[in-house]
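Worksheet for the structure shown next.
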Amino acid sequence: MRISPEKEKELIMDVLKSYGVSEEDAEITANIYVEADLKGFRSHGIGRFPQTVTGIEIGNINVNPDIKIVRESPAVATIDGDMGLGYVVGERAMKLAMEKAKNVGIGAVATVNSNHFGIAGHYAEMALKEDLIGIVITNTEPAMAPFGGMEKILGTNPIAIAIKGKKYIYSLDMATSSIARGKIMEAARTGKEIPENCAIDKEGNPTTDPKKALEGCILPFGGPKGYALALAIEMLAAIGGAEMGSKVRGTATPTERCTKGDLSIAIDPGFFGDKEE
4 MRISPEKEKE LIMDVLKSYG VSEEDAEITA NIYVEADLKG FRSHGIGRFP
54 QTVTGIEIGN INVNPDIKIV RESPAVATID GDMGLGYVVG ERAMKLAMEK
104 AKNVGIGAVA TVNSNHFGIA GHYAEMALKE DLIGIVITNT EPAMAPFGGM
154 EKILGTNPIA IAIKGKKYIY SLDMATSSIA RGKIMEAART GKEIPENCAI
204 DKEGNPTTDP KKALEGCILP FGGPKGYALA LAIEMLAAIG GAEMGSKVRG
254 TATPTERCTK GDLSIAIDPG FFGDKEE
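The structure is reproduced here in structure tokens:
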């Protein structure tokens, strides 16, 4: 089945509003789902939308959250998302980071009590519109084994970086695992295999079966290097008081309350030198 981006947005907004989500929050959320599909991140597009609906239905996602700043200084802040839609909380955090960057050169905003926010690159690229550099990291519920291990210890812990040049932009959005968990979930839904050397089953054997991979562990990209980066992201994403490691829940399992954290950073290069250079 194929639908237009406009129809996808309309459908998602209609469903969200039927559950009491405001027009503004529904549009923010729908836009990010559509962006994911248009960029080829099908694992984070409309195929992932049922996860949000389930979270709303069982009460793990608050459709009318009181999102507030609970700690703040000129350069940093922590936002409590009141278990609202992660897409809405994510945009709020990056906007605040951008405001701070324009005032003092850099802004870093941590979030707690939020939910899955889709593609991290969306939030990093928000900074480009203000000629800023954007960096976003988040931790996720355990899915990845440490290098040489066979037990789920860390999440796939994405990182996104966006930098604007004179002619082109640099935009990185990747998991620190060999493959994003969402892509494995998508493969399981569509009956496709995953690439080799990305995951092991629960006995520790290499597998290309997405269902066995979800039961087992995803492997870090680049062996110990990917594991080390994922571990750093795990700690930094939780800097505002979110959970880490085995205590992170709800990023892929909507029946559980989400306990992950995010860190959104904006940098104004003009504070370091001439932006044009």
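The numbers in my numbering rise by one with no breaks, and the one at position 55 of the sequence shown is 58.
Glycine included, C-beta positions come from ideal geometry on N, C-alpha and C.
This one's a predicted model, so the numbers in the text were calculated from it and none came from an experiment.
Closest residue to residue i among the options (Cα-Cα distance)
i	options	result
Ser-180	Thr-81, Leu-14, Gly-225, His-119	Gly-225
Glu-94	Leu-234, Ala-78, Ile-70	Ile-70
Glu-128	Asn-106, Val-79, Met-188, Lys-98	Lys-98
Glu-154	His-125, Tyr-230, Pro-161	Tyr-230
Ala-191	Tyr-171, Asp-176, Lys-215	Lys-215
Lys-278	Glu-133, Tyr-126, Ile-49	Glu-133
Met-86	Arg-5, Gly-168, Asn-116, Met-4	Asn-116
Gly-185	Ile-49, Glu-27, Leu-14, Glu-26	Ile-49
Gly-152	Gly-207, Phe-52, Ala-241	Gly-207
Tyr-90	Lys-10, Glu-27, Arg-5	Glu-27
Leu-14	Met-177, Pro-53, Lys-170	Pro-53
Ala-239	Pro-161, Ile-6, Glu-75, Leu-175	Reading off the sequence, residue 239 comes out as Leu, not Ala. Closest option to Leu-239, Cα to Cα, is Pro-161.
Asp-176	Leu-234, Gly-43, Thr-256, Ile-6	Gly-43
7 Å CB neighbourhood of residue i in its chain, flanking five on each side removed
i	result
Glu-30	Met-16
Ala-304	Outside the displayed span of the chain (4 to 280) sits residue 304, for which this structure offers no information.
Ala-100	Gly-110, Ala-111, Val-112, Ser-267, Ile-268, Ala-269
Val-18	Val-56
Ile-59	Tyr-22, Val-66
Leu-2	The structure shown does not extend to residue 2, since the chain spans only 4 to 280, so no value can be given for it.
Val-251	Asn-142, Thr-143, Glu-144, Pro-145, Gly-158, Thr-262, Lys-263
Glu-189	Arg-45, Ser-46, Gly-50
His-125	Ile-35, Glu-38
Ile-256	Sequence inspection shows Thr at residue 256; the Ile mentioned does not correspond to that position. Closer than 7 Å at the Cβ level, and outside the excluded window around Thr-256, lie Glu-144.
Same chain, Cβ closer than 6 Å to residue i, neighbours up to 5 away in sequence not counted
i	result
Lys-12	Ala-33, Val-37
Ile-166	Ile-136, Tyr-173
Leu-232	Thr-179
Lys-20	Ala-29
Val-79	Ala-111
Glu-246	Thr-262
Lys-170	none
Residues near residue i by beta carbon distance below 8 Å, same chain, minus five either side
i	result
Pro-209	Glu-199, Asn-200, Ala-202, Ile-203
Phe-275	Gly-108
CB contact flag (residue i, residue j, <8 Å)
i	j	result
Met-147	Cys-261	no
Ile-35	Thr-258	no
Val-139	Asp-265	yes
Glu-196	Lys-205	no
Thr-81	Gly-194	no
Ile-156	Gly-248	yes
Pro-68	Phe-150	no
Thr-114	Gly-84	yes
Val-92	Val-66	no
Asn-106	Pro-145	no
Pro-227	Ile-187	no
Anticipated Cβ contact below 8 Å, residue i with residue j, distance rounded
i	j	result
Leu-135	Ala-104	5 Å
Gly-121	Ala-39	6 Å
Ile-236	Asn-142	6 Å
Ala-123	Ala-96	That pair is no contact at about 12 Å.
Asn-63	Gly-253	7 Å
Span of the beta strand (DSSP E) around residue i
i	result
Met-177	172-177
Asp-265	265-270
Val-115	109-115
Glu-128	Taken as a continuous stretch (DSSP letters only), Glu-128 belongs to no beta strand (DSSP E), being part of the alpha helix (DSSP H) at 123-129.
Thr-262	Careful: Thr-262 lies outside any beta strand (DSSP E) and carries neither H nor E.
Delimiting residues of the alpha helix (DSSP H) encompassing residue i
i	result
Thr-55	52-60
Gly-229	227-240
Thr-193	184-193
Ala-33	26-41
Asp-17	8-21
Gly-137	From DSSP, Gly-137 is part of no alpha helix (DSSP H) but of the beta strand (DSSP E) over 136-141.
Lys-215	213-218
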